[in-house]
Amino acid sequence: FRHVTTVERIIGFKTGTGGTAGVSYLRKMLDVVLFPELFALRTAL
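Going letter by letter, the sequence shown gives residues 166 to 210 in this note's numbering.
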């Protein structure tokens with residue numbers, strides 16, 4: 166969350182590095198769970 170806020174303050178809503186949608190892309194990626202199997206294993210231990 167803090168990274169998104171920092172990026173929003175510094176670059177605003179310009180295109181991000183690598184041609185991404187910038188802040189909106191970062192916000193969307195906060196909802197994506199990478200490696201869900203590892204996440205589930207972590208909660209099972």
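C-beta atoms are modelled at their ideal positions from N, C-alpha and C, and glycine is treated no differently.
Determine the DSSP secondary structure at Lys193, reduced to helix, strand or coil.
-> Counted from its first residue, the sequence shown places residue 193 at position 28. If DSSP states are grouped into helix, strand and coil, Lys193 belongs with the helices.
For Gly181, I'd like the list of residues in its chain whose CB is within less than 7 Å of its CB, leaving aside the five on either flank, ordered along the chain.
-> Locating residue 181 in the sequence shown gives position 16, where the first residue counts as 1. Cβ within range, chain order: Gly187 and Tyr190.
Where does Ala186 fall in DSSP's three states?
-> To locate residue 186, count along the sequence shown from 1; it is residue 21. Looking at Ala186 - three-state DSSP - the assignment turns out to be coil, as it is neither helix nor strand.
What are the boundary residues of the alpha helix (DSSP H) that includes Thr171?
-> Here the question's residue 171 lines up with position 6 in the sequence shown. Arg167 to Ile176 is the span of the alpha helix (DSSP H), which, as asked, contains Thr171.
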